[in-house]
Every structure is written in structure tokens, then in C-alpha cells.
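*Asks:* Can you read through this structure? Questions will come right after.
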Amino acid sequence: MTYGSLPRKEDARFVRGRGTFVDDLVLPGMLHGAILRSPHAHARLVSVDTSAAEAHPKVRAVLTGKDLAERGMAWMPTLSHDVHAVLATDKVRFQGQEIAFVVAEDRYAARDALELIDVEYEPLPVVVDAPAALAAGAAVIRDDLGKADNHVFDWSSGDEAATEAAFAKADVVARQDMLYPRVHPAPLETCGAVADIDAITGKLTVWATAQAPHAHRILYSRITGLPEHRIRIVAPDIGGGFGNKVGMYPGYLCAVVGSMVTGRPVKWTEDRSENLMSTSFARDYHMSGEIAATSDGRLLGLRVRVLADHGAFNGTAQPAKFPAGFFHVFTGSYDLPAAFCSVTGVYTNKAPGGVAYACSFRITEAVYVVERMMDVLARELGLDPAELRMRNLLRPEQFPYTCATGWQYDSGDYPRALTLLKEIAGYDGLRREQAGKRARGELMGLGLSFFTEAVGAGPREHMDILGFGMADGAELRVHPSGSAVLRLSCMSQGQGHETTFAQLVSAELGIPPDEVEVVQGDTDRTPFGLGTYGSRSTPVSGAAAVTVARKVRERARQVASAMLEVSPDDLEWERGRWFVRGVPGRGHTIREIALAAHSDLALPEGVEGQLDASTVYSPPNLTYPFGAYLCVVDVDADTGQVRVRRFIAVDDCGVRINPMIVAGQVHRGLADGIGMALMELMAFDTDGNHLGGSFMDYLLPTALECPSWELGETVTPSPHHPIGAKGIGESATVGSPAAVVNAVVDALAPFGVRHADMPLTPAAVWRAMRGTPLRA
Ligand code: CDP
Numbered sequence: 002m003t004y005g006s007l008p009r010k011e012d013a014r015f016v017r018g019r020g021t022f023v024d025d026l027v028l029p030g031m032l033h034g035a036i037l038r039s040p041h042a043h044a045r046l047v048s049v050d051t052s053a054a055e056a057h058p059k060v061r062a063v064l065t066g067k068d069l070a071e072r073g074m075a076w077m078p079t080l081s082h083d084v085h086a087v088l089a090t091d092k093v094r095f096q097g098q099e100i101a102f103v104v105a106e107d108r109y110a111a112r113d114a115l116e117l118i119d120v121e122y123e124p125l126p127v128v129v130d131a132p133a134a135l136a137a138g139a140a141v142i143r144d145d146l147g148k149a150d151n152h153v154f155d156w157s158s159g160d161e162a163a164t165e166a167a168f169a170k171a172d173v174v175a176r177q178d179m180l181y182p183r184v185h186p187a188p189l190e191t192c193g194a195v196a197d198i199d200a201i202t203g204k205l206t207v208w209a210t211a212q213a214p215h216a217h218r219i220l221y222s223r224i225t226g227l228p229e230h231r232i233r234i235v236a237p238d239i240g241g242g243f244g245n246k247v248g249m250y251p252g253y254l255c256a257v258v259g260s261m262v263t264g265r266p267v268k269w270t271e272d273r274s275e276n277l278m279s280t281s282f283a284r285d286y287h288m289s290g291e292i293a294a295t296s297d298g299r300l301l302g303l304r305v306r307v308l309a310d311h312g313a314f315n316g317t318a319q320p321a322k323f324p325a326g327f328f329h330v331f332t333g334s335y336d337l338p339a340a341f342c343s344v345t346g347v348y349t350n351k352a353p354g355g356v357a358y359a360c361s362f363r364i365t366e367a368v369y370v371v372e373r374m375m376d377v378l379a380r381e382l383g384l385d386p387a388e389l390r391m392r393n394l395l396r397p398e399q400f401p402y403t404c405a406t407g408w409q410y411d412s413g414d415y416p417r418a419l420t421l422l423k424e425i426a427g428y429d430g431l432r433r434e435q436a437g438k439r440a441r442g443e444l445m446g447l448g449l450s451f452f453t454e455a456v457g458a459g460p461r462e463h464m465d466i467l468g469f470g471m472a473d474g475a476e477l478r479v480h481p482s483g484s485a486v487l488r489l490s491c492m493s494q495g496q497g498h499e500t501t502f503a504q505l506v507s508a509e510l511g512i513p514p515d516e517v518e519v520v521q522g523d524t525d526r527t528p529f530g531l532g533t534y535g536s537r538s539t540p541v542s543g544a545a546a547v548t549v550a551r552k553v554r555e556r557a558r559q560v561a562s563a564m565l566e567v568s569p570d571d572l573e574w575e576r577g578r579w580f581v582r583g584v585p586g587r588g589h590t591i592r593e594i595a596l597a598a599h600s601d602l603a604l605p606e607g608v609e610g611q612l613d614a615s616t617v618y619s620p621p622n623l624t625y626p627f628g629a630y631l632c633v634v635d636v637d638a639d640t641g642q643v644r645v646r647r648f649i650a651v652d653d654c655g656v657r658i659n660p661m662i663v664a665g666q667v668h669r670g671l672a673d674g675i676g677m678a679l680m681e682l683m684a685f686d687t688d689g690n691h692l693g694g695s696f697m698d699y700l701l702p703t704a705l706e707c708p709s710w711e712l713g714e715t716v717t718p719s720p721h722h723p724i725g726a727k728g729i730g731e732s733a734t735v736g737s738p739a740a741v742v743n744a745v746v747d748a749l750a751p752f753g754v755r756h757a758d759m760p761l762t763p764a765a766v767w768r769a770m771r772g773t774p775l776r777a
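According to the working numbering, the sequence shown is numbered sequentially starting from 2.
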């Protein structure tokens, strides 16, 4: 086995600043695009006059919605079967919406020319509040769809009648309304593209920040009408995605049309404000939770009603069958006999929202609601939150476990993880410390969260993107010299795939990881598959990599049998070598076999030469990583300032390929959780003005707000993944916000506070202490 904390191969270029990101690309004759955006959140477009911009000496083209409409490209399909305006033709529906695209000799001229475009708007009433969007008489945002209101969808999951019956026999019912506010994935690299259409062959190449290059190619093909073999999408290095780079954005398409119109390559790169204002947001879930239990703390039922704010265009990325993603895995880690959730989607005058920001299709919201409800219930029952959880966690013998909404959890030992967490934390001692502090009027809080993720989308009978099954291809070729190239459909955004996927092949074939090249992100050089998001790379593409390596190993066995003149059945494998059973000295290494496979060696009937294979892996189920988290906070009673003093995270992602990379993924997600719980908020005023257009306004956590993380691990392999691995990329983002909020609410218990909405800024905490909570 070569699993282990191998230093990341890709860091050799990243730490030297030698990565190649989209904005690093410079092509001969390249032009630069810039987008004119709407200052209004809702307005009719009366006229768009581009004549002065066109007269600018450095401008080569100006595109408007009208120009795109003439090409049938003014609207593009979204991943949720809605349409999204590329450049507005009729109305603008959120502040920052794209109106015109200027192509110029340089970026500065393009930006200057934007100011020469004269747009006349007729302002319309603005709807930014999700409940108000459904009220009678609310301004209709999507009149383009012929809609009479702002309703997007109604969807439910679970057994409503059984849940009702469970609530009827409960001793205790706890209720709580909560908001998971709108946040932004905010990758450090903003979105961008360089589009180049070859005038001779008609082939379009787009270098883009794409988490899912093959899915993007389908969309480009559908929108432009070009066949797929005439489109090449290349995702070079990507500086963070977190869901933000899954969907298509108008800028990508404008660069394509810009290249078509000018015959030259066109680059478009967002600035920070554009990224924060106009690309996909996450969350914005208004949730009402109810949880029913017996007086001794046995859970009986869970019911949640959600109002989901999807912004002006429903651009969420999730399997078509699940309009609210995997929110209905909301029973979490507990043995809950009955559950029912209903979700209503609504349009508002905000940028398209609902991306699965570092989570598997909305599980973050699901974990948050159940983990907050557990704490609310614990308070009502007078039970310690750890004890309430322990009484209700799924037991190892219940796996595979089918939850009340029909998901089959593959494996887990939840009590072991919670027990380990308590040991590492010294839980009982912390509670004693808290009691002492409370007696002195000091505010200290402990917040638990126990989460189950569902990652590796997904089984093709249940899941698709754009109607395409979520299987991933992999191709492996061992060169004559014994080194190898692995081609994958997934696409790293910094998660270290070049290292871990090489480790997977190495473990199966004995080729050193350094000699396994990993190719990804280029539709001309990789097999079809649906990309990287929802922590699906290891569960799906990782399984594909292992499967294809095992195919190559079998092929190597046939070649070795010809070399050794024995039956393949008489051969035994040890890492990197086939040998004759019982005669360990008679064998050949994979390197020798690779050379022979390319030589004139006579091979058995039906065995092709060379050493390669391909596969398509369709997962039989999702994998279900889980974890137990504890956050310890101190709250300043005078200012409301929260300090996260300790954060202990026990994660189980099955077999770990590279524990160091796993730890890095967890660190990032924990920081995310602190950010969302304490500071991140995409706010809007009543006119729809976006109040978070820079990192001075939209606050991200830094090392200063983060404690030194304390990590623990348990390993419960997935029974259906070829090496027992589960995804980890997003676990900590999913599990940590509830732990932080639970800790702050626990600290504020002496004030009678039982809930406060994120972000728990000093002002929000201060108001909560005084009984006048802030609503985001
Ligand atoms: O899809 P994404 O890469 O975002 O998430 P992932 O599949 O959970 O993987 C994140 C990183 O952690 C990758 O480099 C994985 O190969 C690595 N990983 C690991 O070493 N062991 C696991 N059990 C899961 C992930």
C-alpha cells in the first residue's frame, strides 16, 4: 500500500507561484472583455445605446442582449432546467446582472468603454425577501416564463402522515425557526475564460474555471449549436471552486461570442466584486424545524418546512429529481422513525443562488437544522446535548441503514466517534469549567455537532446532471518504460488530485506515485464524466481509478503468463510484481511486463498487446462520511465578541488515501464553518443593493479567528467503494457551523437565549443577550 501522507506533487509549482491559472494565459492576438452590469435590482430595459463605446479606438466589438438574441444565445439553460439571461434583453432581475460585453485591445480600454454605454432603465418594484416574494401582489420577477407569481417549486420528502402520528404520541415537541443566511463560496481565484474559435476548423477552445469541464462542454454545445467534437474545454489550475465554478456564467459565453465576432481569442476575468455580486450564492434557506421525543429523550419524529431563496434564475446544480438537492438527508445521524420535509423554492431579485457551497447538494442546511434542533430539544428536556445525541445515534449494527426519507447509509460507527471526541476534548472537564465560569458570570459555551454527509453522486438510476448519469470514466496507460498516465474526468481545484490519484494507481500496480501522471480538466484528453463537486472525486473517479488499475493488473497477468510460460491461474500478485505461485523467485515486475507487452512477445489468444485499460464507474450508492465535532467558545459579555478557543473534530471518511491531504481538507472546512457561523453574510438592502461586494464587507475567516485545530479519526470503510474510501472534501464545512452556533447559544444560556441566527457577529450576539435578536 502506498497510502500515506505523501507531500503534494502539485505544490512544487504552487508554492513557487508557477501554477497556470486562466488569467495567466496569453494567446497571440488576444483581446479582453468586460461586462456592463445593472445598478438596478429590478428594472425594465428601455434602451441600450452602445454607439459611443463602439467608437472607442481600442474597442473591437460591443455585444448586447439583442446581438445575442439574433444568434439564439441571449438565454442559456441552467443546471436546474431553468433559463438564465446571458445578456439582458427585456429586464434586469438582480443588481449586477449582465447587460453588455465590450471587447477591446486591453482590459483597461474595455473597462473604460463600459462607461460610454448609455442604458435607459424603467425601475420596477424590488423583491429581496423570500416570504414577501410569495405574498399576493408581489412584483413578478420571471414574467419571461409567463409566470404569474415568484414560485419556483414545491417539493417534499418523507411520510407526512407517519410523522404526524409520531408527533401526536410525543411527550415533548420542540420548535424553532432559523435562517441559514445567504453566503458566497468566494474562491480566491475569481471566474474567467479565454475563448478561441479557429477560423479554419471552426473548433472552439475555451480555457475556463470549470469544476466540471465535460458538463460545460455539453452546455456550450447546446447553447452555440456547435457539435461536441468541435468544442474543447480546458480547465487549467483552479484556485478554489467550492461549488462556485460548477455552473455556466454569462461571461464565459460572452467571451465565446466575442471570439466568434472578432475572429481573435478573447479573455474575460471577473474582478472580486463581480464574483461576489453575480456568481452563484449558497444557502438562503428559511427553515422551521419541529422535533418530537419521549420524555426520556428518544427521538420520534422530525418535521421541517423550508422556504428556499433561489434568486432571479434557478441555477442550482443538483440531480434533476431533487429540486432541493439532498436536503432530505435531514434526519442526520439519528435513528428517527418518522420524518417529513417540504421545500418551496422562490424567485427574488438577487443573483442566482442555491449552489452547493462545499457540500453535497444542500446537506449543510440539513445538518444545520437537525443539529440545532437537537440542542433546542436537549435544553427543553434538561439533558446534556452529548447525552441526547448518544441516546439516539444510529448503532453500528443498524448499517446499512435506510433513513425515514429513503437514503441507505452505507456504514458507520457513530457512538465510537462521539466517544472519541469526548475523550480528546475532555468533555466532562470542560463542562465543569463552564459551570465554574458561569458562577462567576463568565460566558463559555460548548457546541456539539454530529453530522452525516452523503457524497459521491451518484447512482445513475437516481441521479443525473442535465439528464446525464453521474458515472465517471477513467483511462490508464502504462508506458513501455513502466511509468503511467491516468486520465480522469474529475477536476481538482486545489484538493491534491495529482497526488492522491497517483497514490491509488501506485497502490494497485506498484508503480511509484511520482511515475504516475494524472491528466484532468481537458475534454480532448480525458474521458467523459461529470466533474468535481459534492466531494464526489474520491467516491466516483477514485473508484474508477482503482477499477481501471485493477483491469491493467489483470492484463499484466496475461502478459506475465506468456513471459513465464505458465497459466495465468498459477500466478500470484505481490505489490508491483506477478510471480509463479510457490516459486517467489520466478516472476516479473510491472516494469518488465510493460516492456514485454509492447514487444514482439507472442501473447495468448485474445490478449491484446500494450498495457492499458479504460472504465466507466457508476457508483452503486453514495458514501456516507460522518463526524463528531465540538466547539468551545468564550463570549465577551460586554461586546458580544465570540472567541473560538478550541475546536475538536473527529472525522470518518473510511480509508484515507493521504491523511495529510485529508487533514488539510478538514482544516479548510472548519475555517469555513467559523466564517459562516460568525461573520459571512451576503446582505441586501430593500432596494436590492448588494452589500457585500468586497472582502471588506463580506468577511472571510483568517488564521486569526481560527484556533489550532484538534483532529481525531475513526475509519469505517465504505463496503461498496473498491478501497473503502468515502469523500472528505466538504465534511467539515457541513458539520462545523452547527457546532459553532450551538456553542455560542450554549454560552448565552444564562440570558435565556435558545437560538440566534448566523452570522453571530458581535452585534448579533449583543442583541441576542438583550432579547432583541437580529434577523439577517
Ligand atoms: O471531490 P473532491 O476532490 O472535492 O473531494 P474528495 O473526493 O473528498 O477528495 C478531497 C481530497 O482528499 C482528494 O485529494 C482526495 O483524494 C483526498 N481523500 C483522501 O485522501 N482519502 C479519502 N478517504 C478521501 C479523500
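Here a beta-carbon is modelled for each residue, glycine too, at the ideal position from N, C-alpha and C.
Start and end of the beta strand (DSSP E) containing VAL742?
*Replies:* First-last for VAL742: 732-748, but that is the alpha helix (DSSP H), not the beta strand (DSSP E).
*Asks:* Going by DSSP, what residue range makes up the beta strand (DSSP E) through VAL377?
*Replies:* Here VAL377 belongs to no beta strand (DSSP E); instead the alpha helix (DSSP H) covers 364-382.
*Asks:* For the beta strand (DSSP E) that contains GLU711, what are its first and last residues?
*Replies:* 711-714
*Asks:* Which partner residues does GLN611 have in the DSSP bridge list?
*Replies:* BP columns for GLN611 are empty, so no partner.
*Asks:* When you measure from the CB of CYS404 to every non-hydrogen atom of the ligand CDP, does any distance come out below 7 Å?
*Replies:* Result no, Cβ not under 7 Å from the ligand CDP.
*Asks:* Shorter than 7 Å, the distance from the beta carbon of GLN666 to the closest heavy atom of the ligand CDP, or not?
*Replies:* yes
*Asks:* Quick one: what does DSSP say GLY193 is sitting in, helix, strand or coil?
*Replies:* strand
*Asks:* Decide if VAL16 is buried, meaning its Cβ has at least 16 other Cβ atoms within 10 Å, or exposed.
*Replies:* exposed
*Asks:* So, at 6 Å on beta carbons, what are the nonlocal neighbours of GLU121 in its own chain, with the 5 sequence-adjacent residues on each side left out?
*Replies:* VAL47 and SER48
*Asks:* Under the three-state reduction of DSSP, which class applies to THR762: helix, strand or coil?
*Replies:* coil
*Asks:* Pull the bridge partners of LEU146 from the DSSP assignment, please.
*Replies:* Paired residues: none, contrary to the question.
*Asks:* Hey, PRO353 and GLY457: beta-carbon distance below 8 Å or not?
*Replies:* no
*Asks:* Taking GLU518 as the reference, give the member of ALA546, GLY495 and GLY535 with the closest Cα.
*Replies:* ALA546
*Asks:* Which two residues bound the contiguous alpha helix (DSSP H) that contains ILE219?
*Replies:* 214-225
*Asks:* I want to check one thing, is the minimum distance from the CB of VAL103 to the heavy atoms of the ligand CDP below 7 Å?
*Replies:* no
*Asks:* Looking at the unbroken beta strand (DSSP E) that takes in CYS632, where does it start and where does it end?
*Replies:* CYS632 -> beta strand (DSSP E) spans 627-636.
*Asks:* Is SER619 closer than 8 Å to GLU476 when the C-beta atoms are compared?
*Replies:* Not in contact: GLU476 and SER619 (Cβ atoms no closer than 8 Å).
*Asks:* Just the Cα atoms here: how many angstroms apart are ALA777 and ALA149?
*Replies:* Here the model assigns ALA777 a pLDDT of 49, short of 50, so the residue's position is not dependable, and the following value carries that caveat. C-alpha separation (whole angstroms): 28 Å.
*Asks:* Is ALA726 near the ligand CDP, going by C-beta to nearest heavy atom under 7 Å?
*Replies:* The ligand CDP has a heavy atom closer than 7 Å to the beta-carbon of ALA726.
*Asks:* Check for me: the beta strand (DSSP E) holding GLY474 runs from which residue to which?
*Replies:* 473-479
*Asks:* Between the Cα of TYR253 and those of GLY448, GLY244 and LEU205, spot the shortest distance and give me the residue it belongs to.
*Replies:* LEU205
*Asks:* Quick check: GLY34 and ALA318, are their CB atoms within less than 8 Å of each other?
*Replies:* no
*Asks:* Is the closest heavy atom of the ligand CDP to the C-beta of GLN496 under 7 Å?
*Replies:* yes
*Asks:* Closer than 7 Å to a non-hydrogen atom of the ligand CDP - does that hold for the CB of GLY736?
*Replies:* No, since every heavy atom of the ligand CDP falls outside the 7 Å radius drawn around the Cβ of GLY736.
*Asks:* Provide the residue span of the alpha helix (DSSP H) that contains CYS255, from first to last.
*Replies:* 251-263
*Asks:* To which residues does DSSP link ASP119 through a beta bridge?
*Replies:* ASP50
*Asks:* Do VAL267 and LEU69 have their C-beta atoms within less than 8 Å of each other?
*Replies:* no
*Asks:* Looking at the ligand CDP, does it come within less than 7 Å of GLY730, judged from the CB to the closest heavy atom?
*Replies:* yes
*Asks:* Considering only heavy atoms of the ligand CDP, does any lie closer than 7 Å to the CB of SER361?
*Replies:* Taking 7 Å as the cut-off, the C-beta of SER361 does not count as close to any heavy atom of the ligand CDP.
*Asks:* Which value, in whole angstroms, describes the spacing of the CA atoms of THR403 and GLY290?
*Replies:* 22 Å
*Asks:* Taking the C-alpha atoms as reference points, what is the distance between TRP767 and ARG94?
*Replies:* Going by C-alpha positions, TRP767 is about 35 Å away from ARG94.
*Asks:* Let me know the secondary structure DSSP gives LEU28 once reduced to three states.
*Replies:* coil
*Asks:* Given ASP160, which residues of its chain have a CB within under 6 Å of its CB, disregarding the five upstream and five downstream residues?
*Replies:* none
*Asks:* Which value, in whole angstroms, describes the spacing of the CA atoms of LEU701 and GLU681?
*Replies:* 6 Å
*Asks:* Assuming GLU388 is part of the alpha helix (DSSP H), what are its boundary residues?
*Replies:* 386-393
*Asks:* When you compare each of ASP272, ALA339 and GLY203 to LEU301 by their alpha carbons, which one comes out closest?
*Replies:* Looking at the Cα atoms, ALA339 is the closest of the given residues.
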